[in-house]
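Report on one structure; see the data block that follows.
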Ligand code: NAD
Ligand code: MG
């Protein structure tokens with residue numbers, strides 16, 4: 133990295149990735165500087181972060197919280213804005229080099245697009261943006277000469293393995309999956325799963341939505357689609373392998389048969405930092421892996437018959453067009469409904485499957501098409517859920 137610091141905007145700073153990104157920035161004062169913080173509605177934490185990190189500006193998406201946030205920050209030298217337009221504008225300010233997209237779900241799509249259009253380097257955590265509109269996002273990024281660095285640990289692993297391999301095509305990648313809390317269970321065992329059980333992930337502490345996606349294996353399906361767009365792959369080049377220890381973060385296989393893997397303890401701070409510092413590795417005090425405690429690393433095939441979301445995601449990836457957008461919208465509503473005790477664990481896949489069956493295919497959707505498809509699918513999923521309950 134040059135002597136200059138990298139100036140960072142964190143979209144979704146109050147979440148799991150956002151707060152870990154702040155720890156990374158705090159630990160690298162010579163190299164990284166915070167410029168912008170944004171959050172959905174948690175003004176208490178946002179104000180606390182602003183007082184500590186002294187950014188240039190903060191944005192709260194929930195406009196009704198603007199007055200209260202301004203009051204909390206009245207003695208600080210920080211600009212306070214609210215609403216979606218402010219979020220889409222703030223990513224373009226000159227002071228920012230890198231935008232970390234750490235908003236969860238479809239809600240992160242427009243701000244990701246805005247940051248790309250403004251020519252900012254993207255550290256991408258918001259995988260749903262690529263699932264919904266991967267073709268559009270990657271083509272606009274290419275046009276604008278914008279780099280997208282992955283933050284998702286599996287994709288960061290692949291990205292790290294590709295260093296120095298510019299002339300060597302990928303034959304295949306293996307995305308590793310922990311298998312979540314219900315690994316090895318069959319459909320009958322999953323019938324009466326509670327949200328408390330589903331929220332109890334064995335290896336990673338994350339936001340609620342991605343934790344449920346990990347329990348249903350939808351997370352790995354979304355990651356397969358994310359990998360397709362990040363690395364320009366076909367679905368038969370993307371394999372999922374269950375690796376319960378979460379030490380091997382993913383593997384690339386090259387055309388000579390050689391495989392490269394990236395390993396380490398499960399800690400999102402490492403991929404976040406790498407996306408900020410690429411191509412350099414910054415010295416860190418992250419806990420090191422000690423093989424004495426991991427004498428066995430195991431690998432097994434996933435079970436898409438039980439964890440149907442995985443099969444549904446591959447089906448959506450193969451169909452392409454607007455279908456992954458349908459998959460994502462139906463999943464977001466189904467997960468939210470599961471978290472609100474409106475549907476059971478197994479109904480998550482049923483809602484998604486029905487929405488996919490009813491979807492009308494659009495081969496080359498525009499941004500407006502995605503917005504319409506997302507809207508219509510949410511309505512459809514809610515209607516299906518209301519009918520069942
Ligand atoms: P989270 O729920 O902990 O945090 C989400 C953040 O987004 C919060 O700051 C929230 O205020 C903001 N937000 C939510 N809805 C919003 C809206 N409508 N408008 C504006 N802001 C909004 O989520 P997370 O676990 O940090 O995940 C963030 C993203 O990173 C997700 O796309 C997830 O798939 C991805 N990711 C997370 C992890 C992890 O370890 N948590 C790992 C890999 C990828
Ligand atoms: Mg991941």
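In the numbering used here, the protein residues as written are 133 to 521. We treat Cβ as the ideally placed atom computed from N, Cα and C, and that holds for glycine. Every value quoted in this text rests on a predicted model; they were computed, and no experiment measured them.
Subject >> CB of residue 400 within 8 Å of CB of residue 149, strictly >> reply: yes
Subject >> Buried versus exposed call for residue 152 [16 or more other C-beta atoms within 10 Å across all chains shown] >> reply: buried
Original post:
Any heavy atom of the ligand NAD within a distance shorter than 7 Å of the CB on residue 284?
Top reply: yes
**OP:** Compute every distance between the C-beta of residue 156 and the non-hydrogen atoms of the ligand NAD, then say whether any falls below 7 Å.
**Re:** no
Subject >> Residues bridged to residue 371 (per DSSP) >> reply: 306
**OP:** Give a yes or no on whether the C-beta atoms belonging to residue 312 and residue 333 are separated by under 8 Å.
**Re:** yes
**OP:** Starting from the Cα of residue 174, find the closest Cα among 154, 186, 303, 201 and give me that residue.
**Re:** 201
Original post:
So residue 147 packs on residue 234, CB below 8 Å; how close in whole Å?
Top reply: 6 Å
**OP:** Taking only heavy atoms of the ligand FMN into account, decide whether any of them is closer than 7 Å to the Cβ of residue 264.
**Re:** With respect to the ligand FMN, the structure shown offers nothing to examine, as its ligands consist of the ligand NAD and the ligand MG.
Original post:
Rounded to whole angstroms, how far is the Cβ of residue 457 from the Cβ of residue 422, which I believe are closer than 8 Å?
Top reply: Wrong, their Cβ atoms sit about 43 Å apart, outside the cutoff.
Original post:
Would you call the stretch 262–271 and the stretch 373–387 touching, i.e. three or more CB-CB distances under 8 Å?
Top reply: no
Original post:
Would you say the stretch 426–438 touches the stretch 255–265, given that touching needs at least three Cβ pairs under 8 Å?
Top reply: no
**OP:** For residue 483, name the three-state secondary structure that DSSP assigns.
**Re:** helix
Subject >> Strand pairing of residue 505, partner residues [DSSP] >> reply: The partner list for residue 505 (beta bridge, DSSP) is empty, contrary to what the question assumes.
Original post:
Relative to the alpha-carbon of residue 352, which residue among 370, 216, 363, 337 has its alpha-carbon at the smallest distance?
Top reply: 370
Subject >> Three-pair Cβ contact test at 8 Å for the stretch 390–399 versus the stretch 313–332 >> reply: no
Original post:
With residue 462 and residue 513 assumed to form a contact (beta carbons below 8 Å), what rounded beta-carbon distance in angstroms separates them?
Top reply: 5 Å
Original post:
Can at least three beta-carbon pairs, one atom from the stretch 207–217 and one from the stretch 174–194, be found at a separation below 8 Å?
Top reply: yes
Subject >> Where residue 392 sits in the DSSP three-state scheme >> reply: strand
Original post:
Does the Cβ of residue 355 lie closer than 7 Å to at least one heavy atom of the ligand MG?
Top reply: yes
Subject >> Start-end ranges of the alpha helix (DSSP H) lying completely within the stretch 159–220, minimum 4 residues >> reply: 175–185, 198–204
**OP:** Using three-state DSSP, classify residue 228 as helix, strand or coil.
**Re:** coil
Original post:
What is the residue span of the beta strand (DSSP E) that residue 141 lies within?
Top reply: 138–143
Original post:
Checking contacts by CB at 8 Å: is residue 252 closer than that to chain B?
Top reply: Any reference to chain B falls outside this structure, which holds one protein chain only.
Original post:
Going by DSSP, which residues form a beta bridge with residue 384?
Top reply: 305, 392
Subject >> Near the ligand NAD: residue 308 beta-carbon under 7 Å from a heavy atom >> reply: no
**OP:** For the beta strand (DSSP E) holding residue 253, just list the boundary residues, first then last.
**Re:** 253–256
**OP:** Ignoring anything shorter than 4 residues or poking outside the stretch 444–480, list the alpha helix (DSSP H) runs there in chain order.
**Re:** 455–471
Subject >> Terminal residues of the alpha helix (DSSP H) in which residue 281 lies >> reply: Not the alpha helix (DSSP H): residue 281 falls in the beta strand (DSSP E), residues 280–282.
**OP:** Within its chain, find whatever has a CB closer than 8 Å to the CB of residue 323; leave out the 5 residues flanking it on each side and keep chain order.
**Re:** 476, 477, 478
Original post:
Does the distance from the C-beta atom of residue 193 to that of residue 223 stay below 8 Å?
Top reply: no
**OP:** Pull up the distance between the alpha-carbon of residue 417 and that of residue 494, whole angstroms please.
**Re:** 48 Å
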